[in-house]
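Residue numbering for the sequence shown is 410 to 637, as defined by the working numbering.
Ideal placement from N, C-alpha and C gives every residue a C-beta, glycine not left out.
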Amino acid sequence: MTYSFPPSSYEIVTPRLVIRNAISSDAEKMAHILSSPENMPYQRHNGSISIDEMLRRITNWNKMASDGSNAFLVIALRESGEPIGTGGFNCFEPQPGSADTSASEPSLSCCIDPQLRSADMPVSGRSPYLTDIGVLLDHPLWRRGYATEALCASIDYAFTDLRCQLVRLETNIKNEPWRALMRSLGLGDLEENGVSSYDVTTGWIYKIDVETWESAKTNLKASGKWPL
Numbered sequence: 410m411t412y413s414f415p416p417s418s419y420e421i422v423t424p425r426l427v428i429r430n431a432i433s434s435d436a437e438k439m440a441h442i443l444s445s446p447e448n449m450p451y452q453r454h455n456g457s458i459s460i461d462e463m464l465r466r467i468t469n470w471n472k473m474a475s476d477g478s479n480a481f482l483v484i485a486l487r488e489s490g491e492p493i494g495t496g497g498f499n500c501f502e503p504q505p506g507s508a509d510t511s512a513s514e515p516s517l518s519c520c521i522d523p524q525l526r527s528a529d530m531p532v533s534g535r536s537p538y539l540t541d542i543g544v545l546l547d548h549p550l551w552r553r554g555y556a557t558e559a560l561c562a563s564i565d566y567a568f569t570d571l572r573c574q575l576v577r578l579e580t581n582i583k584n585e586p587w588r589a590l591m592r593s594l595g596l597g598d599l600e601e602n603g604v605s606s607y608d609v610t611t612g613w614i615y616k617i618d619v620e621t622w623e624s625a626k627t628n629l630k631a632s633g634k635w636p637l
């Protein structure tokens, strides 16, 4: 099969989840998830989102995914199709110093409502050098392993299907559960303290290359902790 970027659509299937493009019928549940401050304890809460506003965001998400600037996706239960969160790829960036790199680095808005932007997208058909992955789940479903499952599947997809060379993960400096998740995946040693790409605040940053990820996968499989 001939490689092409961006893909025409996204569908990442795991044992319990499907990570896919948003559709209009997701709007009501996604508006609820993104309006709940309990789901974002380490982010600034910007108030409630109406269904109409969520429909607008879904349109924007799908436009940006088709343009190749990023891919904000819905995490849904595989059995029922019910949305339980959002995930995907917050950006796609070319290799630093390449001819495709923009002269000025654009700011990255909050992942749940980014502005349309294309200054830092790879040229269509070429694989991106870096992507940034995030996961947000409805809080009643925390501590069931869904975040681990979604994150591992998304990292795998970034390296195998999108052919990225580097995956970046970022979180707020106070997010201890995320740090624990990174340690459980064998990625704790990658942790760096720095200014996050989506905010001016200091946070925890993890940069994963293919070799490091394959080593982590091997260890997780050997210990019986691989979720896929």
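ask   = Whose CA, out of Arg-572, Ser-536, Met-591 and Met-463, lies closest to the CA of Val-544?
value = Met-591
key: Beta-carbon spacing of Asn-479, Phe-501 below 9 Å   = yes
ask   = What is the DSSP secondary structure of Cys-520, counted as helix, strand or coil?
value = The pLDDT assigned to Cys-520 is 43, lower than 50, so where the model puts this residue is not dependable; a value taken from the coordinates is nonetheless given after this. Three-state result, Cys-520: coil.
query = Which residues bound the alpha helix (DSSP H) around Phe-568?
reply = 555 to 569
Whole-angstrom C-beta distance between Leu-596 and Ala-625, which should lie under 8 Å = 6 Å
message = Check this for me: beta carbons of Gly-612 and Ile-542, under 9 Å apart or not?
response = no
ask   = Taking the alpha-carbon positions, what's the His-454 to Asp-565 distance?
value = 30 Å
query = DSSP state of Ser-472, grouped into three classes?
reply = In the sequence as presented, Ser is not what sits at residue 472; that position holds Lys. Looking at Lys-472 - three-state DSSP - the assignment turns out to be helix.
ask   = Leaving out five residues before and five after Leu-599 in sequence, what residues of the same chain have Cβ atoms less than 6 Å from its Cβ?
value = Tyr-615
ask   = Taking the continuous alpha helix (DSSP H) assigned at Ile-421, which residues delimit it?
value = No alpha helix (DSSP H) holds Ile-421; the beta strand (DSSP E) holding it covers 420 to 422.
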